[in-house]
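Colleague: Here the sequence shown stands for residues 1 to 85, numbered as in the UniProt record's numbering.
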Amino acid sequence: MAPREIQTELFGPKNSGSKRFNWTKLNWKASEQDDCTICLERFTAGEHLVHLPCAHRFHTLCLVPWLENNAHCPCCRMQTHVQLS
C-alpha cells in the first residue's frame, strides 16, 4: 500500500460555516473528537490538527513523533501508511 499524505485541519467552532475539507469526497467521516488523545489537552480554535485515515485527529506536534516510532493510530491502532513531510 502506498503512503498517503497526512490531512490537516484548522480547528474552529463547530458551526463556523467554513469547511476546509469535503469529508464525503475524501471518503472519511468527520470526527467529533475535541481533545488530543496523545497529550490529553483540548483542541482550541486556531490550532492546526492532523487527521489519520481512521478520522482520529491530533495536534501536529503530538502525532509526528508518535508516527516516527509507531505505524498505527494511538486511538484505534489502525495501521497507518502516511507520508510525513
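Glycine included, each C-beta is placed from N, C-alpha and C at the ideal position.
Since the model is a prediction, treat every value here as computed from it, not as a measurement.
Which stretch, first to last residue, makes up the beta strand (DSSP E) that contains L49?
Modeller: H48 to H51
Colleague: Using the Cβ count rule (16 or more neighbours within 10 Å means buried), how would you classify T60?
Modeller: exposed
Colleague: Name the two residues that bound the continuous alpha helix (DSSP H) containing L63.
Modeller: For L63, the enclosing alpha helix (DSSP H) starts and ends at T60 to N69.
Colleague: Kindly list the residues whose CB is nearer than 6 angstroms to the CB of D35, restricted to its own chain and excluding five residues on each side of it in sequence; keep chain order.
Modeller: Annotation for D35: R42 place their beta carbon closer than 6 angstroms to its own, counting only its chain and skipping 5 residues before and after.
Colleague: Under three-state DSSP, which class holds D35?
Modeller: Under the three-state reduction of DSSP, D35 is assigned to strand.
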